[in-house]
Amino acid sequence: MIFFNLLHLSIRNFKNMKLRSMLTVLGIGIGIGAILFLVSLGQGLQRLLIERITTAEALLTLDILPPGGDKIILNKESLERIRAIPEVAEISPVKSVKARASFEGVTAGITANFVEDNFFRLSGLDKQLTKQKSQARDVGAIIFENEKSVIISTAVAKLLSMDDPINKIIDIKIASENDLPVTVESFTIVDTTNDELSSLVYIPTRAYPQGQDIVYDNMKVSVTSTVALEPVRETIVESGFLVSALSDTVRQANRVFSIMKIILAIFGIIALIVAAIGMFNTMTIALLERTNEIGIMRSIGASRKDIWVMFLTEALVIGFLGGVSGVGVGVGGGELTNVGLNFLASRLGGESLDVFYYPVWFMISIVLFSTLVALGTGFYPAQRAAHLNPLDALRYK
Numbered sequence: 001m002i003f004f005n006l007l008h009l010s011i012r013n014f015k016n017m018k019l020r021s022m023l024t025v026l027g028i029g030i031g032i033g034a035i036l037f038l039v040s041l042g043q044g045l046q047r048l049l050i051e052r053i054t055t056a057e058a059l060l061t062l063d064i065l066p067p068g069g070d071k072i073i074l075n076k077e078s079l080e081r082i083r084a085i086p087e088v089a090e091i092s093p094v095k096s097v098k099a100r101a102s103f104e105g106v107t108a109g110i111t112a113n114f115v116e117d118n119f120f121r122l123s124g125l126d127k128q129l130t131k132q133k134s135q136a137r138d139v140g141a142i143i144f145e146n147e148k149s150v151i152i153s154t155a156v157a158k159l160l161s162m163d164d165p166i167n168k169i170i171d172i173k174i175a176s177e178n179d180l181p182v183t184v185e186s187f188t189i190v191d192t193t194n195d196e197l198s199s200l201v202y203i204p205t206r207a208y209p210q211g212q213d214i215v216y217d218n219m220k221v222s223v224t225s226t227v228a229l230e231p232v233r234e235t236i237v238e239s240g241f242l243v244s245a246l247s248d249t250v251r252q253a254n255r256v257f258s259i260m261k262i263i264l265a266i267f268g269i270i271a272l273i274v275a276a277i278g279m280f281n282t283m284t285i286a287l288l289e290r291t292n293e294i295g296i297m298r299s300i301g302a303s304r305k306d307i308w309v310m311f312l313t314e315a316l317v318i319g320f321l322g323g324v325s326g327v328g329v330g331v332g333g334g335e336l337t338n339v340g341l342n343f344l345a346s347r348l349g350g351e352s353l354d355v356f357y358y359p360v361w362f363m364i365s366i367v368l369f370s371t372l373v374a375l376g377t378g379f380y381p382a383q384r385a386a387h388l389n390p391l392d393a394l395r396y397k
């Protein structure tokens, strides 16, 4: 028999048992939907975390710390040695000091970080800037308009009771270091970082009171490629410095999320197994109900292969429709959950987020997976149907 004739018969049988077939498809759809819902939740949380903590530039950046003591320090000479490493693209040293910020009679303790303009891009903080977010991503971008410009965190703005801090002038009293006098300078706020936990103020390094005689607390080192990360790390470690990389954190996070997605997928697969058992029962009952029909088809010339293909085609149709409906169930459930979470977040003053992520390749794969599961489930009933004796099938009541 021609395949399209068998397909027509399969669809006709599907229509003749609408309720049973639809319930079977729904069972498969719920199982597939559960897998998609749970895995897309894991994918979304992973994507959200990675996007929040890093950028492509930050993944090529190493964090350098001195080991402690006076022998190995981050000064001008050590900076030049690290800059001279062939695979190093950029460096961005950081000097942190305790300070006090004042605005209209309100004073708060802060940490003043003296940084270069490229610090925000290399550290991934460019995504937290409220005014210069896109500009900070450009290599060579000027973030500080002059040495009297500062960027403050939203935590500092709250401490100083500033509703709109941009272009406001604050006084910063920098603590004494190495017996130098305490200095008080006035700075203009040119931007803020979306950080409500840390009381940080970023000041251009050229405004540091000690000029060029700076011993830095840490440094960002950007390399030319991912291949260069380990060689540069080893070279700097051999110099006595402590080295870490955000890529290590991302790698660990990805490993944790991979395990979590597997666990979530297992719960969904359990639901799919239950649905597959229901489908097996449906196909077996259909075989018993259509035994006479199979006998008639065999007696008028249908081969065992034709019967086998017809039953497998029915299983394929059920599996495919179950997969497609499962994608609808998973995406619909995820979007409804997302709307509910964002509504709750807005009521509590939080930020709206997309906690579900649906990769196209995964949705296509899960429909194919559903079809394969259905084919596997329908294999035994198809074998039984194909090997029925035509005479016994005609006599069956």
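Numbering (the UniProt record's numbering), first residue to last: 1 to 397.
Cβ atoms here follow ideal geometry from the backbone N, Cα and C, with glycine treated the same way.
Item                                                                                                                   : Value
Outcome for residue 113 when other beta-carbon atoms lying within 10 angstroms are tallied against a minimum of 16     : buried
Contact set for residue 102: own chain, Cβ-Cβ below 6 Å, skip 5 residues either direction                              : 171
Beta-carbon separation (whole angstroms), residue 115 vs residue 221, contact threshold 8 Å                            : That belief does not hold up - the Cβ atoms of residue 115 and residue 221 are roughly 14 Å apart, past 8 Å.
Simplified DSSP assignment, three categories, for residue 145                                                          : coil
Own chain residues within Cβ distance below 7 Å of residue 38, not counting five before or after                       : 264, 265, 267 and 268
Which of helix, strand or coil DSSP assigns to residue 87                                                              : coil
6 Å Cβ shell around residue 204 - same chain, five flanking residues per side excluded                                 : 144 and 147
Unbroken stretches of the beta strand (DSSP E), 3 residues or longer, contained in the stretch 153-217                 : 169-174, 183-193 and 200-204
Residue range of the unbroken alpha helix (DSSP H) whose run includes residue 344                                      : 304-347
Buried or exposed by the 16-neighbour rule on C-beta atoms within 10 Å, applied to residue 370                         : buried
Close-in-space but distant-in-sequence residues of the same chain around residue 47 (CB under 7 Å, 5 per side omitted) : 357
Where residue 31 falls: helix, strand or coil (DSSP)                                                                   : helix
Touch test, the stretch 232-242 against the stretch 70-84, Cβ-Cβ under 8 Å, three pairs minimum                        : yes
Contact belief for residue 219 with residue 94 at Cβ below 8 Å, rounded distance in angstroms                          : 6 Å
Proximity of residue 49 and residue 345 at Cβ, strictly below 8 Å                                                      : no
Neighbour-count burial assignment, residue 274, 16 or more Cβ in a 10 Å radius                                         : exposed
Integer-rounded CB distance, given that residue 245 should sit under 8 Å from residue 63                               : 7 Å
Cutoff 7 Å; reference residue 247; Cβ partners in own chain excluding five residues on either side                     : 59 and 229
Helix, strand or coil at residue 118 according to DSSP, with G and I counted as helix                                  : coil
Rounded straight-line distance, which links the Cα of residue 226 to that of residue 232                               : 10 Å
Where residue 379 sits in the DSSP three-state scheme                                                                  : helix
Segment contact, 8 Å Cβ cut-off, at least three pairs: the stretch 312-330 with the stretch 374-390                    : yes
Residue 103 beta carbon near the ligand SAM (any heavy atom closer than 7 Å)                                           : Of the ligands one can find in the structure shown there are none, so the ligand SAM has no counterpart to examine.
Where residue 131 sits in the DSSP three-state scheme                                                                  : coil
Backbone CA spacing between residue 295 and residue 323 [nearest angstrom]                                             : 32 Å
Euclidean distance between Cα positions of residue 327 and residue 280                                                 : 22 Å
Closest by C-alpha distance to residue 381, when choosing among 363, 277 and 149                                       : 277
Residue 355, DSSP secondary structure in three states                                                                  : coil
Where residue 206 falls, given that 16 or more other Cβ within 10 Å makes a residue buried                             : exposed
Residue 127, buried or exposed, once every other Cβ within 10 Å from all chains shown has been counted against 16      : buried
Beta strand (DSSP E) segment containing residue 64, residue limits                                                     : 61-65
For residue 28, the nearest candidate out of 385, 386, 169 and 368 (CA to CA)                                          : 368
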